[in-house]
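The sequence shown maps to residues 67 to 257 in this note's numbering.
Positions of the beta carbon are idealized from the N, C-alpha and C atoms, including for glycine.
Notes for the one structure printed next.
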Amino acid sequence: MVEEDLARLPAAPLVLAEGTPLTPAAVGVERAVWLLPTAAVQQRRLRRRGLEPDQGAFRLYELLRRDIAAEVAAAGGAVVHVDGEHGAEATAARVHAALEQPLAAGPHARDAAGRRKLARYANRAPVAQYRQFFARPWAPVWESVRLTLCCECGAAGCLADVERNLASLPVGWEERGPLVATAQGHRALRV
Numbered sequence: 067m068v069e070e071d072l073a074r075l076p077a078a079p080l081v082l083a084e085g086t087p088l089t090p091a092a093v094g095v096e097r098a099v100w101l102l103p104t105a106a107v108q109q110r111r112l113r114r115r116g117l118e119p120d121q122g123a124f125r126l127y128e129l130l131r132r133d134i135a136a137e138v139a140a141a142g143g144a145v146v147h148v149d150g151e152h153g154a155e156a157t158a159a160r161v162h163a164a165l166e167q168p169l170a171a172g173p174h175a176r177d178a179a180g181r182r183k184l185a186r187y188a189n190r191a192p193v194a195q196y197r198q199f200f201a202r203p204w205a206p207v208w209e210s211v212r213l214t215l216c217c218e219c220g221a222a223g224c225l226a227d228v229e230r231n232l233a234s235l236p237v238g239w240e241e242r243g244p245l246v247a248t249a250q251g252h253r254a255l256r257v
């Protein structure tokens, strides 16, 4: 399903996708990098979750890490090893360096309208997921569910998050509705 979702995405702007199912067979290696934990880091993390080496889930995670690493190596893919010695910023810098050329090549949202469209696109997914979940007859009461959405102001470099109550978002907002996810003090830029 992840591959199908990626195939349905528009050609522009650039999409950055992440997740375990995204193997070289699914996405190629030209515009990809894999973050792989070292065995020691993975084992520490699994133990913190309460898993032990004699448990099936622990062994499954180890096998997945090895299989993914072998597939990426065989395909010649780029790897950033998460070794526990580099912090999040250093790891992000290594990922950015590995993806520098594809990121520069784009495609990019080049104006406020394009950035607003991209933010709206990003906001649609969690809204749709929550609405689909809460449409089920056994789902709990949802009126108080709050979502964190991307600011839709369209300003270059805006990374603001906006908290909204799911119940306050009108049906159809995702496709044609007004901007409901504009951070405090932000306003939609004219295009």
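Here ARG111 carries a helix assignment [DSSP, helix/strand/coil].
Spanning the alpha carbons of GLN198 and ALA205 requires a straight line of approximately 10 Å. If the five residues before and after ALA249 are omitted, its C-beta is found closer than 8 Å to the C-beta atoms of CYS217, CYS219, CYS224, ALA226, ASP227, VAL228, all from its own chain and listed in chain order.
DSSP places PRO192 inside the alpha helix (DSSP H), whose first and last residues are 178 to 200. A distance of 8 Å or more separates the beta carbons of ASP149 and VAL193.
Straight through space, the alpha carbons of LEU80 and LYS183 are spaced by roughly 13 Å.
Closest in C-alpha terms to HIS252, from the list ALA178, VAL99, LEU117, comes ALA178.
Residue pairing from DSSP places TRP100 in a beta bridge opposite VAL145. Per DSSP, GLU166 is one residue of the alpha helix (DSSP H) stretching across 166 to 171. Residue range 68 to 74 is occupied by the alpha helix (DSSP H) that includes ASP71, with no beta strand (DSSP E) assigned at that position. Contact annotation, GLU137 with THR214: C-beta distance approximately 34 Å; criterion of less than 8 Å not satisfied. Around the CB of ALA98, 16 or more other CB atoms lie within 10 Å, so the residue is classed as buried. For LEU130, the secondary structure class from DSSP, reduced to helix, strand or coil, is helix. At a Cβ-Cβ threshold of 8 Å, LEU102 and ILE134 count as neighbours.
Under the three-state reduction of DSSP, LEU215 is assigned to strand.
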